[in-house]
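Report on one structure; see the data block that follows.
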Amino acid sequence: MNSLIILGSTGSIGAQALDVAEKLSLKVEALTANSDAKKLEEQARKFKPRLAALADEKAAAELKIKLADTNTKVLSGIEGVTECAAFGENPTVLNSIVGMAGLRPTLAAAKAGRRIALANKESLVAGGKLVKTAVKENNAELLPVDSEHSAIFQSIQGCKDKKEIKKIILTASGGPFFGKKRHELKSVTLQDALKHPNWSMGAKITVDSATMFNKGLELIEAVWLFDVAPENIEIVVHRESIVHSLVEFADNSVIAQLGLPDMRIPIQYAITYPNRFESPVGSLNLAQIGKLTFFEPDYETFKCINICRDAINRGGLYPAAANAANEEANELFRKGKIPFLAIGDIIEEALLDIENKEEYRLEDVEEISDAARERVRRLSEKYTL
Ligand code: NDP
Ligand code: MG
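Just so you know, we're using the numbering used here here: the sequence shown kicks off at 107 and counts up by one.
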């Protein structure tokens, strides 16, 4: 098995990836984060990577001093993080950065021909075509870490002709506000939104799960990963998060992957594929769970799903604009600047009159993303809590 580089190692997925690396006795070559010098120092002392990087320059300077007595070289800025993504002989690069800040590092790993274990769905949503092209041209590998996409990937093992895939059924937990109507969500707080029923995750994705924008991102992620048209991807709410997603084939046979909701299973599979090893995650006891339930999503209350469906149907730069608008609106909500329901309303309005381009470069993605963020900030001014 190859050694490992973890981008975003101080986060929820990053920490679980280090746990997997430890259990598999994998050598860790590089670790990166944004500004958490304290945690990165602890991780670097334990895993002894050759490189560490912090995107925040000030925090990187601090880390350099902290690690001066070790053999870990410290880099800074997003350039430093991106350099880590292409470092070493042939490590697997696990990208668990949050947000489209992960796009340049994903592209760097692809251009270096690496196996990329991708948790950072925003980089695929924003720059899908760029990532896919770089992966193809450089013989890189793109393996999903997102639990639903890992489930789909596991379910299509052995399928030789993609035409046999009739549809993908993406499961969604429904988040903390499942069953609520729009008017009941008017005054929900950040604390309410952070109470995810089944998963413990970073703050941004937890809020994305509450708005269900996360499922919209995952729909777009699935289009890019599996080459399936958006209309052939169905979403079903499954409260227990045991069936991680399903694939229906030409003969109407449906294959699914099940397991306890613990990200260390898909993280490990992306690293060890096509092999499987023992896992620290417990085994599934279906009789104890007793009942698995499935529901249609409530598209009126959770309109963010359709915002994303619309964006991928329009194509070009729309998904990038939708992703950036969401990153900004999600952050404004977390900072207490806008109410919960404003997230979807503002994103919707920010996407009106986007100047789309079918063919695009990285600079176009970054430009449209900045413009979408700016629009969201402007629109947010008319909302008060
Ligand atoms: P966290 O917020 O817990 O961690 C994010 C990581 O990214 C941290 O290491 C953070 O560093 C780093 N980071 C943040 N901003 C930047 C930046 N501008 N440049 C470089 N690094 C940065 O997020 P999660 O671990 O929850 O999620 C990570 C990704 O995985 C997301 O794309 C999410 O959608 C996806 N994912 C997560 C799941 C989960 O269970 N958590 C499940 C499926 C997918 P610092 O600590 O210094 O801020
Ligand atoms: Mg997921």
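Heads up, the beta-carbon is just placed ideally off N, CA and C, and yes, glycines get one too. Small disclaimer: the values here were computed from a predicted structure and weren't measured.
Exposure label - residue i; buried when at least 16 CB within 10 Å
i, result
"GLY388", "exposed"
"GLU270", "exposed"
"ALA393", "exposed"
"ASP333", "exposed"
"MET107", "exposed"
"ASN140", "buried"
"GLY194", "buried"
"THR399", "exposed"
"TYR375", "buried"
"PHE439", "buried"
"ILE395", "exposed"
"ARG382", "exposed"
"THR178", "buried"
"GLY442", "exposed"
"GLN297", "exposed"
Rounded C-alpha distance that separates residue i from residue j
i, j, result
"ALA303", "THR277", "Per the sequence shown, residue 303 should be read as Pro rather than Ala. Approximately 14 Å, taken between the alpha carbons."
"ILE210", "LYS397", "Looking at the sequence itself, residue 210 is Arg, so the reference to Ile does not match. ARG210 and LYS397: Cα-Cα distance of roughly 43 Å."
"VAL360", "LEU352", "7 Å"
"ARG151", "THR176", "8 Å"
"ASP314", "ASN320", "5 Å"
"CYS414", "TYR466", "19 Å"
"ALA448", "GLY281", "18 Å"
"LEU132", "PRO197", "10 Å"
"ALA143", "GLU168", "7 Å"
"HIS289", "ASN432", "21 Å"
"ILE460", "LEU423", "9 Å"
"THR312", "LEU300", "6 Å"
"PRO380", "ALA240", "22 Å"
"LEU366", "ARG484", "42 Å"
"VAL134", "SER279", "33 Å"
"PRO386", "LEU458", "47 Å"
"GLU148", "LYS172", "10 Å"
"ASN244", "PHE446", "42 Å"
"LYS235", "TRP330", "8 Å"
"ASN462", "ASP470", "10 Å"
"LEU124", "LEU157", "15 Å"
Beta-carbon proximity check, residue i vs residue j, cutoff 8 Å
i, j, result
"SER118", "SER306", "yes"
"ASN358", "VAL231", "no"
"ILE111", "ALA166", "no"
"LEU146", "LEU137", "yes"
"LYS310", "VAL204", "yes"
"ILE452", "SER486", "yes"
"ALA426", "GLY208", "no"
"LEU200", "LEU113", "yes"
"SER202", "HIS350", "no"
"GLN122", "ILE444", "no"
"ALA216", "LYS272", "no"
"LEU323", "LYS238", "no"
"ALA510", "ILE377", "The structure shown does not extend to residue 510, since the chain is modelled only from 107 through 491, so no value can be given for it."
"GLU406", "ARG479", "no"
"ILE275", "GLU384", "no"
Member of the options whose CA lies at the smallest distance from the CA of residue i
i, options, result
"GLU340", "ILE258, ASN381, THR312, ARG382", "ILE258"
"THR490", "ASP416, GLU189, GLU434, LYS292", "LYS292"
"GLU337", "ASN419, ILE371, LYS286", "ASN419"
"LYS286", "ASP267, THR317, ILE274", "THR317"
"ARG221", "HIS350, VAL187, LEU248, ALA214", "LEU248"
"PHE401", "VAL342, THR295, ASN244, VAL241", "VAL342"
"ASN391", "LEU364, ARG370, PRO372", "LEU364"
"SER347", "ASP459, GLU163, GLN263, ASP252", "ASP252"
"THR188", "ILE377, ALA159, SER202, ARG479", "ALA159"
"LYS409", "THR295, ALA477, GLU454", "GLU454"
"GLU185", "LYS235, ALA161, LEU173", "ALA161"
"ALA328", "ILE262, LEU173, LYS164, VAL126", "ILE262"
"PHE153", "SER109, ILE171, GLU163", "SER109"
"ASP404", "MET369, VAL237, PHE283, ALA246", "PHE283"
"VAL482", "GLY450, GLU163, GLU464, GLU472", "GLY450"
"GLU473", "ASN412, MET206, ALA417, VAL294", "MET206"
"ALA225", "THR295, GLY308, ARG156, SER182", "GLY308"
"VAL126", "ALA456, LYS441, MET369", "MET369"
"LEU325", "ALA417, ASP298, ARG345, LEU296", "ALA417"
"ALA456", "ALA246, ALA477, ALA362, ASP267", "ALA477"
"ASN436", "ILE274, ALA174, ALA246, THR295", "THR295"
"LEU468", "GLU254, PRO250, SER229", "SER229"
Note to self: Give the residues whose C-beta lies closer than 6 Å to at least one heavy atom of the ligand MG, in chain order.
What the structure shows: ASP252, SER253, GLU254, GLU324
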